[in-house]
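Asks: Before we start, here is the structure in question, set down as structure tokens.
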Amino acid sequence: MATPASNRQLPAIQVDPTNKPYFDAAREGRLLIGLCKDTGKHFWYPRGCSPFTLSNNVELVEAKGTGVIYTYTVMRTKEPYCVAYVELDEGVRVFTNIVDCDLDSLKIGQKVKVVFKPTQGDAPPATMFTPA
């Protein structure tokens, strides 16, 4: 029997000056990730300091928005949902939800693409993934 992902209401995301560029891009349907300009390595979550060098020589770059499920679990609550690590094509892993699918059909290694789900009020959308 199929387990559809629920469309639960998502709380409003709090925007501050450090995450505003990321959420502005999310409103436009674009996924941004961090790039350490000293090492050339991408990182998640986007922030003003490289996790590799602790330098602020970083920039936000647009990701393809595609990847594969690295690992996941289905939470079989009243409103079932899936939490997962998705490995983006750029190599970084993102902790996220898998949505808009039959949760029983998910597989490790399955291709996924980014979707942006609305949150409460006028807050920016949440970054999630769905099967590609």
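Note that this note's numbering has the sequence shown beginning at 97, numbered continuously upward. Glycine included, each C-beta is placed from N, C-alpha and C at the ideal position.
1) Which residue marks the beginning of the alpha helix (DSSP H) containing Y118, and which one marks its end?
2) When you compare the CB positions of Y166 and E183, do they come within less than 9 Å of one another, or not?
3) Throw me the rounded Cβ distance for the I129 and V188 pair, which I believe falls under 8 Å.
4) Taking C-alpha atoms, which residue in K209, G163 and V190 lies nearest to Y181?
5) Suppose contacts are defined by Cβ-Cβ distances below 9 Å. Is Q206 in contact with P176 by that definition?
6) Is the CB-CB distance between T215 and V170 below 9 Å?
7) Under a three-way DSSP split, which group does L199 fall into?
8) Output yes or no for whether 9 Å exceeds the beta carbon distance between R143 and T114.
9) May I have the straight-line CA-CA distance separating T135 from K174, to the nearest angstrom?
10) Going by beta-carbon coordinates alone, are N193 and F148 separated by less than 9 Å?
11) Where DSSP assigns a beta bridge to T223, which residues make up the other side?
12) Need the endpoints of the beta strand (DSSP E) that V188 sits in, please.
13) Would you mind sorting V208 into buried or exposed? The rule is 16 or more other CB atoms within 10 Å of its CB.
14) How would you write the range of the beta strand (DSSP E) that I165 sits in, first residue to last?
Replies: In short:
1) K116 to R123
2) yes
3) 6 Å
4) V190
5) no
6) no
7) helix
8) yes
9) 45 Å
10) no
11) F212
12) Taken as a continuous stretch (DSSP letters only), V188 belongs to no beta strand (DSSP E), as it is neither H nor E.
13) buried
14) T162 to M171
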